[in-house]
Amino acid sequence: MLKTSLRHARMFIIGFGLSFLVANPAFAVTTCQALTLYGNAAVTGLCRTLSPGTQNLWVCGLTDANPDVHSTFNRTTPLHITVRTTVCEGASILAGSWPDALAIGVNQPEAICNVNVQNYVARFNAVPQTYGCQESFVQAEQLGRITPATATSYITLCNDPVLNCP
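The opening residue of the sequence shown carries number 26 in the numbering used here; numbering runs sequentially from there.
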């Protein structure tokens with residue numbers, strides 16, 4: 026009972042933090058920057074896994090084991106890093122811009138479940154913007170880092186006229 030209550034409280038706090046940032050978009054990483062980051066991070070291998078762009082949330086898996094560390098965003102959910110263990114879970118919303126200027130958002134945790142989130146932010150900032158949005162996913166597919174279906178789903182997002190990601 027207590028464990029369930031704590032999980033609900035954590036998710037409420039995470040949800041409140043996400044809704045605050047959505048209400049204050051000046052702090053958020055743009056969708057095009059986040060998409061281009063994902064493509065280039067897939068090329069370098071930083072994104073060990075990449076969920077299909079057809080899913081509700083777009084997830085870049087940063088670890089293969091416990092703790093599960095991944096980044097997530099979509100059109101309405103700001104880019105954030107989530108850390109999950111068997112007994113702990115939390116998220117830290119990112120702010121700034123990519124390349125080179127991502128940061129942990131204001132009042133966001135720098136450590137989650139004893140994991141230093143700044144280490145992952147630094148890894149994202151170290152990813153070079155070698156390719157634009159569309160080409161990054163083409164290159165990631167050609168390197169065998171993502172499937173053709175995943176590449177196509179993200180290229181479709183890059184080509185979305187509303188987003189207009191170069």
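We put the beta carbon where it would ideally sit given N, CA and C, even for glycine.
Since we're looking at a predicted model, the values are computed, not measured.
DSSP three-state label for residue i, please.
i	result
N184	helix
G130	coil
R148	helix
L62	helix
S96	strand
S76	coil
L57	The displayed chain sequence assigns Cys, not Leu, to residue 57. Helix at C57.
C158	helix
V84	strand
V108	strand
A120	strand
I'd like to confirm the pairing. Which residues does DSSP put opposite residue i in its beta bridges?
i	result
A136	N141
Thinking C-beta only, is residue j closer than 8 angstroms to residue i?
i	j	result
Q58	W123	yes
L60	C158	yes
R100	T56	yes
A147	P103	no
R109	P92	yes
Quick one: residues in its chain with C-beta nearer than 8 angstroms to the C-beta of residue i, no 5 flanking neighbours on either side, listed in chain order?
i	result
A66	C72, C85, F149, V152
Kindly list the residues whose CB is nearer than 7 angstroms to the CB of residue i, restricted to its own chain and excluding five residues on each side of it in sequence; keep chain order.
i	result
T69	V152
A136	V142
P77	A174, T175, S178
T155	N65, V68
H95	V84, C85, G86, L87, T107
What does a CB cutoff of less than 6 angstroms around residue i pick up in its chain, not counting 5 residues either side in sequence?
i	result
L128	First, the amino acid is wrong: residue 128 is Ala here, not Leu. Result list for A128: A120, G121, in chain order.
Q80	none
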